[in-house]
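Worksheet: the structure to be examined is printed underneath.
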Amino acid sequence: MSGSRRDFLKTSSLLSAMALTPPAVIQAAENQWDEKFADAAEKIPVTLEVNGVSYSVKVEPRITLLDLLREQLNLTGSKKGCDRGQCGACTVHVNGVRINSCLSLAVCNEGKKVTTIEGLATGDQLHPMQEAFIKHDGFQCGYCTSGQIMSAVALVKEGRTQSREQISEFMSGNICRCGAYSNIVKAIQEVKNNQA
Amino acid sequence: MNPFQYTRAIAAGGAIQSVLKEPHGHFLAGGTNLIDLMKMGVVMPERLVDINGLPLKGIEKTSAGLRIGALATNSEVADHPLVLESYPLLSQAINAGASPQLRNMATVGGNMMQRTRCNYFFDTAMPCNKRVPGSGCGALNGYNRMHALFGASDQCIAVNPSDMCVAMVALDAVVHVKGPKGERTIKFADFHRLPGDHPEKDNTLERGELIMAVDLPAAAMAFNRHVHYEKIRDRSSFAFALVSVAAALNMKGSTITGARLAMGGVAHKPWRLQAAEDFLRGKTVSDEVFTQAATLAMQGAKAYQDNKFKLTMAPNAIVQALKTATA
């Protein structure tokens, strides 16, 4: 930690302390706590629920939700493909909505409920979408698969399964370089039909 | 990604003051563009002020029309019953952009603030006046297939990448902002700017100003029956527009009583086609009339070495949008 960074933290007092929830790092700057504390306080506490389990962790602000899941919580099912929101391999549900976890800062998920691919099955009982992907060969190398399945589960919930075209359009945020698309669509259609 | 301070705002005033405290402070909403740019080293904020806790998510009917909070996500807007019923052009445009996951994260205010997708802007090894003022424009004599036809300068020929904003400008939306000097409104057409000598400025916001809401006027509800958002891109989904056209017509029988037209992918801002709108008013629907409108819309277009195809693609897209809207 450089001196300038420490000075920066100490001198940037907040005009608007009343209107802000002061994370530890800002509090440290304001209260002119000792340098050691300010350094340690650089990690911000975050409490979130992942697959029904509550976690309280400390993360640097620049850590994404994807990196928190993979590297701190050891939930490596969510994959890092492009890390730029273009491939969808990192797709998870936050408060029931599918998002790219590579573009969401972990600190922005305070109090949120996250579901990853690890949270879909019930014990040894796979989720119907997982079963359908296996049955229809909805993957080859498998790298995009957890993202595809998380996206597909959300897609069915959103009701975007009226036609093959609609499924393709609303699955466009998940890229498969092996080209398993047609089987992925079949898997989704089966899950949708079994629900009806 | 470079380290930065992170603060969580619980009131707009505090968020504005907090951003103003650092020369490179940024508001953080959905993050789909900003976090990407930070990973690429294109933008390096010293402080992010997370505004997601502010009460700016509402979508509600007002006496003037429909007010959309700046933090409503793109998905929430596109799927909202009042938007689908009264402003379907906006739903179509939003759903033409990005992917479902990104639309679930991206907000209305953030969509308006997204930066260009010009490759020279994203590549920190290249010159770019928008990223580093005075460094030159790599695209001007470089690979400029995606670039502008209208309103560019010798400093910048980049285009605004938004689909949502093309519909917003066609619908005469009004932007509500709050800043250190108080609140003000900006006509959507005046929100984004042309590059001129300051391509580093995408819009007319002043430092510290925060987008609070966007109003869709009641008058635009009349344009809810004959609408189409035509988007031409390199693949059929999840790609930025080469050219896009937002068309909304008010009709009496086969007579056009009013037209709202705007193009995306052709300028540094969403490009309203006022001359074509004026021409169409009172005309009877025909391919000939649509072609004439498109010709009028293209007056003043200037292509570069790699985007000459857009001089044909753009008028064709206008005709196609009008045909589909009136079909």
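Those sequence lines, one after another, are chains A and B. Per our numbering, the very first residue in the first sequence carries number 1001; after that it's consecutive. Per our numbering, the very first residue in the second sequence carries number 685; after that it's consecutive. Idealized CB from N, CA, C, for every residue including glycine.
Check	Outcome
I'd like the list of long-range same chain contacts for Arg917 of chain B, defined as Cβ closer than 7 angstroms, with 5 residues on each side in sequence excluded.	Ala923, Phe924, Ala925, Leu926
Can you pull the chain A residues whose beta carbon is under 7 angstroms from the beta carbon of Phe922 of chain B, in chain order?	Ser1172, Gly1173
So Ala1187 of chain A packs on Ala1132 of chain A, CB below 8 angstroms; how close in whole Å?	4 angstroms
Pick helix, strand or coil for Cys1102 of chain A, following the three-state DSSP scheme.	helix
Taking C-alpha atoms, which residue in A:Lys1079, A:Ser1078, A:Asn1074, A:Ile1184 lies nearest to Lys1135 of chain A?	A:Ile1184
Cβ atoms of Thr716 of chain B and Met830 of chain B: under 8 angstroms apart, would you say?	no
Taking only the alpha-carbon atoms, compute the straight-line gap between Ala823 of chain B and Ala748 of chain B and give it to the nearest angstrom.	42 angstroms
From which residue to which residue does the beta strand (DSSP E) around Phe711 of chain B run?	709-712
Do Cys1234 of chain A and Cys1176 of chain A have their C-beta atoms closer together than 8 angstroms?	Residue 1234 of chain A cannot be examined here, being either before or after the span of chain A that is shown, 1001 to 1196.
Name the two residues that bound the continuous alpha helix (DSSP H) containing Ser1182 of chain A.	1181-1195
Would you say Ala1041 of chain A lies against chain B (beta-carbon separation less than 8 angstroms)?	Reliability of the predicted coordinates at Ala1041 of chain A is poor, the pLDDT of 44 falling under 50, and the value obtained from them is presented with this limitation in mind. No, its Cβ sits nowhere closer than 8 angstroms to a Cβ of chain B.
What whole-angstrom Cβ distance do Phe875 of chain B and Val859 of chain B have, given they're in contact under 8 angstroms?	5 angstroms
Here's the rule I'm using: 16 or more other beta-carbon atoms within 10 Å means buried, otherwise exposed. How should Gln785 of chain B be labelled?	buried
In the DSSP assignment, what residue or residues form a beta bridge with Asp899 of chain B?	B:Arg751, B:Val858
If you reduce the DSSP assignment to three classes, tell me which class Pro1045 of chain A lands in.	strand
Taking the Cβ atom as the reference point for each residue, do Gly863 of chain B and Ile700 of chain B lie within a distance shorter than 8 angstroms?	yes
To the nearest angstrom, how far is the alpha carbon of Lys1079 of chain A from that of Lys1043 of chain A?	24 angstroms
Is there a C-beta anywhere in chain A that falls below 8 angstroms from the one on Ile735 of chain B?	no
Are the segment 754-766 of chain B and the segment 721-731 of chain B touching by the rule of at least three beta carbon pairs closer than 8 angstroms?	no
In the structure shown, what three-state DSSP assignment does Cys1176 of chain A receive?	coil
Using beta carbons (cut-off 8 angstroms, strictly below), is Pro845 of chain B in contact with chain A?	no
DSSP on Arg1005 of chain A, reduced to helix/strand/coil?	In this prediction, Arg1005 of chain A has a pLDDT of 45, which is less than 50 and means its spatial position is unreliable; what the coordinates show is noted afterwards. Arg1005 of chain A falls in the helix class under three-state DSSP.
List the residues of chain D whose Cβ lies closer than 9 angstroms to the Cβ of Gly715 of chain B, in chain order.	You won't find chain D in this structure, because its protein chains are A and B.
Inspect the beta-carbon positions of Ser837 of chain B and Gly880 of chain B and report whether they are closer than 8 angstroms.	yes
For chain A, is any of its Cβ atoms less than 8 angstroms away from the one on Phe805 of chain B?	no
Check whether the Cβ atoms of Leu1075 of chain A and Glu1110 of chain A lie closer than 8 angstroms to each other.	no
Is any beta-carbon of chain B found at less than 8 angstroms from that of Val1156 of chain A?	no
Count the other CB atoms, across all protein chains shown, that sit within 10 Å of the CB of Gln983 of chain B; report buried if there are 16 or more and exposed otherwise.	exposed
Check whether the Cβ atoms of Leu750 of chain B and Leu740 of chain B sit closer than 8 angstroms, and answer yes or no.	no
Under a CB-based cut-off of 8 angstroms, is Asn1095 of chain A close to chain B?	no
For Gly1085 of chain A, which residues in the same chain have their Cβ closer than 7 angstroms to its Cβ, ignoring the five residues on either side in sequence?	Asn1100, Cys1102, Leu1103
Select from B:Ala832, B:Tyr827, B:Tyr988, B:Gly949 the residue whose C-alpha is nearest the C-alpha of Pro811 of chain B.	B:Tyr827
Applying the 10 Å Cβ sphere with the 16-neighbour rule, what's the burial state of Phe711 of chain B?	buried
Given Thr996 of chain B, which residues of its chain have a CB within under 7 angstroms of its CB, disregarding the five upstream and five downstream residues?	none
Unbroken beta strand (DSSP E) runs of length 3 or more, entirely within the segment 935-989 of chain B: which are they?	939-948
Going by beta carbon distance, what residues of the same chain come within less than 6 angstroms of Asp1137 of chain A, once the five residues before and after it are set aside?	Asn1183
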